[in-house]
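Visitor: Chains as they are written, first to last, in this note's numbering: chain A, 8 to 170; chain B, 233 to 797.
Below: one structure in structure tokens.
Dropping the structure here:
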């Protein structure tokens, strides 16, 4: 089962290596990982997506918690949360497909952020499924490159995950 | 007044109560060594950095203090890795200080540069690269705090040369504040009450005790609990000295080379109380058959140990001393129920005794050839009550665990988790430095001994009277045993074809060498060695193809043992 985990860590040298090393060393898999600073300058937040059964997930959260650099670990799987990912997609266009490409962008409420005579670069934000959806529709035109940020999540409601 | 980084380091060590360090100098730590020259800290020069770390480890294991080792950058630092990994697997509190190239050169493939934080990340509890002298004192404080608290472990501090030379005002922090590190010491009272209930309801309980018991200093609490409830105690390799092995409730070691009665007790019990142990594969054998009929209580300070290999019915996270103390107190409030428990489990104990009588820990004795087990039995008889035993890794290690009657905590220093050959001699060295007046005995095999035999020099130089026992079969014995049992006696690369003259080797370093080739010489040789001042090496020519039994073949359940007879 897929789990999305938010990890607050000390914003210090080598901490990303500690987390990724833990996953590779113990044979856990990481599907995606994103890291960025938080309001607290001493902390960074990592959002990672992993898979495993309950026992593996218990080990993953315990092992993450065990790292000295880890402040907090939250597995969002069993709670209400909002998940968003950003993707930038470079798609080939010719005179026939340009209008269709723009229609798709419109339907998905995406944006064209760069234009050349032969391509559009499209920015889209949404749940990973939505991004998969637009990719599916653009694929016949010829996708030259896709850059995805990996999902980030935030819990619903008033409570925040802070150190 | 401003101090240099190396002076700050040494002052900090002194404030942490460190009086002895083990190490080996080099270019990237030369400033530290220059300041050590005037320091009150005692430095022991080993002949290899790996040995320095093992020595600090041995020192830590027998004293309970944090062991400290120093090595230079690059090869000096990478030589420490096996020692660090050994300590990590057995949760030994240590601080290892390695020199590093100056900060502007880091990452440039400078001379004797190695990324030690990268290399040791998976085998340290935590590590630090000090990039600013203002962080140095706080880093040392945190390193010691992390090493000795919670589940202990080794911490590496990588110290670039320019940081050692730079100056800064010295002030040592009083307290440590680590946002992400707050070990749980106090066991949950409700869980402990539940544990007491489960114990009182059990009819075939067994205590399964690991190295955590000694790390927590809970050996006495364990003895109290066992005697109060009359529950038999089986110990892992790491805990052989944590419970007096001559005690009527002692079942000896369990697992791959465990006793018949320990393995049968675990297989048949209805309640397994795991205390500071981690269900290692060498203990459990085939995991789905391990303690199949039992409910499991698991008490450990490290939450990751609980539920890792085996699903447990009742987890308790906390310091064993705290939890066992509370458990004892909880049971004390119900003296009648405890009395009932003792009465109701009478049958269980008699079944265990029956197993013990039917299949005691034994071997086929011989009059013509020295049996390695016999040598261990004799040492056990002759050695002082508080003698410290260290081992290398292999057959001799298992025989030591099986046939030496351990009496006191912190007297059996052995590499359990990593299984490091070459651990015994340097760790004995460290133990002897800690206790100059106690008997320290390294039980060794001829193959293992050669992994760090250069430390004979250190023993002689510092007049450390370690007694070395080599059970010499001219084989890499444990691997040979597997080849005999599972690979049709194809002894691939396990014959130590060159017979070393160990007596001459000892003498070359200025130590005493003794040898016994006949059974009747064993006792006299041991006695003579114990009476001889200074380090003594005893070479026992033992029966060559002796096997460690019982043995649970890989992949089998622990009751499916190959027995001695």
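Idealized CB from N, CA, C, for every residue including glycine.
This one's a predicted model, so the numbers in the text were calculated from it and none came from an experiment.
Which residue's Cα is closest to the Cα of residue 731/B: 717/B, 706/B, 720/B and 718/B?
Guide: Nearest option by C-alpha distance: 706/B.
Visitor: In or out: residue 343/B buried (at least 16 other Cβ within 10 Å) or exposed?
Guide: Exposed, since its Cβ has fewer than 16 Cβ neighbours within 10 Å.
Visitor: Let me confirm a value: residue 274/B is counted as buried when at least 16 other C-beta atoms fall within 10 Å, else exposed. Which label applies?
Guide: The residue is exposed, with fewer than 16 neighbouring Cβ atoms inside 10 Å.
Visitor: What are the partner residues of residue 773/B, as DSSP defines its beta bridges?
Guide: BP columns for residue 773/B point to 704/B.
Visitor: In angstroms, rounded to a whole number, what distance separates the CA positions of residue 680/B and residue 729/B?
Guide: Their backbone Cα atoms lie some 15 Å apart in a straight line.
Visitor: Using C-beta distances below 8 Å, list every residue in its chain close to residue 252/B, excluding the 5 sequence neighbours before and after it, in chain order.
Guide: Excluding sequence neighbours, residue 252/B sits near 273, 274, 275, 276, 291, 300, 665 and 666.
Visitor: Taking only the alpha-carbon atoms, compute the straight-line gap between residue 395/B and residue 401/B and give it to the nearest angstrom.
Guide: Approximately 13 Å between the Cα atoms of the pair.
Visitor: Below 8 Å on C-beta distance, what does residue 759/B contact in chain A?
Guide: Result: empty, since nearest Cβ-Cβ is about 49 Å, beyond 8 Å.
Visitor: Would you mind giving the Cβ-Cβ distance between residue 533/B and residue 550/B, rounded to the nearest angstrom? I have them listed as a contact below 8 Å.
Guide: Indeed, because the Cβ distance is near 6 Å, the residues count as touching under 8 Å.
Visitor: Would you list, in chain order, the members of the region 411-432 of chain B that have their beta-carbon closer than 9 Å to a beta-carbon of chain A?
Guide: Going along the region 411-432 of chain B in chain order, one finds 411, 412 and 413 with a Cβ nearer than 9 Å to chain A.
Visitor: Is the shortest distance between the beta-carbon of residue 52/A and the beta-carbons of chain B less than 8 Å?
Guide: Cβ-Cβ to chain B under 8 Å: no for residue 52/A.
Visitor: Taking the runs of the beta strand (DSSP E) that are 3 residues or longer, which of them lie wholly in the region 373-440 of chain B?
Guide: Segments of the beta strand (DSSP E) lying fully in the region 373-440 of chain B: 386-392 and 399-401.
Visitor: Classify residue 596/B: buried if its beta carbon has 16 or more other beta carbons within 10 angstroms, exposed otherwise.
Guide: By the 10 Å Cβ count, residue 596/B comes out exposed.
Visitor: Buried or exposed: residue 359/B, going by 16 or more other Cβ atoms within 10 Å of its Cβ?
Guide: Burial call: buried.
Visitor: Look up residue 155/A in the DSSP assignment and say whether it is helix, strand or coil.
Guide: The answer is strand: DSSP assigns residue 155/A an E or B state.
Visitor: Going by Cα to Cα distance, which pick from 81/A, 89/A and 46/A is closest to residue 164/A?
Guide: Answer by Cα proximity: 89/A.
Visitor: Please confirm if residue 24/A has its CB atom under 8 Å from at least one CB of chain B.
Guide: Yes, because at least one Cβ of chain B sits closer than 8 Å to the Cβ of residue 24/A.
Visitor: Within this structure, are the beta carbons of residue 503/B and residue 430/B separated by less than 8 Å?
Guide: It is a contact, given that the beta carbons lie within the stated cut-off.
Visitor: The region 53-75 of chain A: which residues have C-beta closer than 9 Å to a C-beta of chain B, in chain order?
Guide: Cβ contacts with chain B come from 62, 65, 66, 69, 70, 72, 73, 74 and 75.
Visitor: Mapping DSSP to helix, strand and coil, what is residue 734/B?
Guide: Here residue 734/B sits in helix by DSSP.
Visitor: Looking at the secondary structure, which residues open and close the alpha helix (DSSP H) in which residue 28/A lies?
Guide: Where residue 28/A is concerned, the enclosing alpha helix (DSSP H) stretches over 22-32.
Visitor: State yes or no: is the C-beta of residue 135/A within less than 8 Å of the C-beta of residue 103/A?
Guide: Contact: no.
Visitor: Who pairs with residue 82/A in a beta bridge, going by DSSP?
Guide: Beta-bridge pairing links residue 82/A to 12/A.
Visitor: Could you name the residues of chain B that residue 77/A contacts, counting a contact when the two beta carbons are closer than 7 Å?
Guide: Under the 7 Å cutoff, chain B gives 412.
Visitor: By DSSP's criteria, residue 275/B is part of a beta bridge. Which residues make up the other side?
Guide: Note: residue 275/B sits in a beta bridge opposite 253/B.
Visitor: Are the beta-carbon atoms belonging to residue 494/B and residue 466/B less than 8 Å from one another?
Guide: Yes, the pair counts as a contact, with Cβ atoms nearer than the cut-off.
Visitor: Scan the region 311-343 of chain B and note each continuous alpha helix (DSSP H) run of 4 residues or more that stays entirely inside, going in chain order.
Guide: Fully enclosed alpha helix (DSSP H) runs of 4 or longer: 313-321.
Visitor: How would you list, in chain order, the residues of chain B whose beta-carbon sits under 8 Å from the beta-carbon of residue 182/A?
Guide: Because chain A in this structure spans residues 8 to 170, residue 182/A falls outside the shown range and cannot be described.
Visitor: Just checking residue 705/B against the ligand FAD - is the residue's beta carbon closer than 7 Å to any of the ligand's heavy atoms?
Guide: In terms of ligand content, the structure shown is empty, and the ligand FAD therefore cannot be addressed.
Visitor: At a CB-CB cut-off below 8 Å, which residues of chain C make contact with residue 316/B?
Guide: Note that chain C does not occur in the displayed structure, where the protein chains are A and B.
Visitor: Here's a check: name, in chain order, each residue in its chain whose Cβ is nearer than 6 Å to the Cβ of residue 548/B, leaving out the five neighbours to either side.
Guide: Once the five neighbours on either side are set aside, the close Cβ partners of residue 548/B are 419, 423, 531 and 555.
Visitor: Since residue 517/B sits in a beta bridge, which residues does DSSP pair it with?
Guide: DSSP, once it has assigned bridges, lists 789/B as partnering residue 517/B.
Visitor: Please confirm if residue 21/A has its CB atom under 8 Å from at least one CB of chain B.
Guide: Yes, residue 21/A counts as interfacial toward chain B.
Visitor: With a CB to CB cut of under 8 Å and the five nearest residues on each side skipped, what residues in its chain are close to residue 382/B?
Guide: Excluding residues within five positions, the ones whose Cβ falls inside 8 Å are 413, 415, 533 and 534.
Visitor: By the criterion of Cβ-Cβ separation under 7 Å, what are the contact partners of residue 407/B in chain A?
Guide: Residues of chain A passing the Cβ test: none, with the nearest at roughly 16 Å.
Visitor: According to DSSP, is residue 489/B part of a helix, a strand, or is it coil?
Guide: Correct three-state label for residue 489/B: coil.
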